[in-house]
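Numbering (my numbering), first residue to last: 421 to 545.
Working notes for the structure below.
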C-alpha cells in the first residue's frame with residue numbers, strides 16, 4: 421500500500437510540474453529557472469535562436485510610431501523547440517504583435533519539455 425501511495429504521489433507531482441502555468445508571473449518564474457539550468461553552450465544556442473525569432477518578430481511588427489515601452493513575452497517550448505503557448509507582460513500594440521509572432525515560432529530544441537524561456541525587451545533611443 422505504501423508503494424502504491426508513493427507511486428501516486430510521484431505521478432501527481434510530475435503532472436503538476438508538466439501543467440502549463442495559469443498566469444504570466446508563474447510562467448516567467450519557470451522561464452527564469454529553466455534558462456538558469458542550461459549549460460553555457462545550450463544557453464548560447466538558445467539566445468541565438470531567440471535572437472532570430474525576435475528579429476523576425478520586430479521586423480514584422482515595428483512601425484515608425486510604435487510605443488516602445490518595455491515588455492516581456494514568455495514562451496513554452498515542446499521537445500522540438502516549437503512554441504506551444506505564450507504569456508505577456510505589457511499591453512502595447514508592439515508587445516501584442518511580437519507575442520503573436522513568437523507564438524508561431526520555433527527555437528532550438530530544449531533539453532526537456534516543457535521548457536520555458538522569456539524575451540525581455542526594452543528599447544533605448
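Where a beta carbon is used, it is the ideal one built from N, C-alpha and C, also for glycine.
Since this is a predicted model, take the numbers as computed values, not measurements.
task: Would you grab the beta carbon distance between residue 506 and residue 522 for me? Rounded to a whole angstrom, and I think it's under 8 Å.
output: 6 Å
Buried or exposed by the 16-neighbour rule on C-beta atoms within 10 Å, applied to residue 513: exposed
message: Only counting the same chain, and skipping five residues up and downstream in sequence, which positions put a Cβ closer than 6 Å to that of residue 543?
response: 488
- request: Take the Cβ of residue 472 as the centre, count every other Cβ of all protein chains shown within 10 Å, and call the residue buried at 16 or more, exposed below.
  value: exposed
message: Less than 7 Å between C-beta atoms, sequence neighbours within five positions excluded: which residues of the same chain meet that for residue 490?
response: 510, 541 and 542
task: Out of 476, 461 and 462, state which residue places its alpha-carbon closest to the alpha-carbon of residue 520.
output: Nearest in C-alpha terms to residue 520, of all of 476, 461 and 462, is 476.
- prompt: Quick one: what's got a C-beta closer than 8 Å to residue 463's C-beta in the same chain, skipping five residues either side?
  reply: 455
query: Taking DSSP as the reference, what is the three-state secondary structure of residue 467?
result: helix
task: Could you work out which residue in 460, 530 and 457 is closest to residue 504 when comparing CA atoms only?
output: For residue 504, the nearest C-alpha among the options comes from 530.
DSSP beta-bridge partners of residue 495: Bridge partners of residue 495: 506 and 537.
query: Of the choices 508, 468, 484 and 537, whose alpha-carbon is the least far from that of residue 497?
result: 537
- request: Work out the CA separation of residue 449 and residue 457 for me, nearest whole Å.
  value: 13 Å
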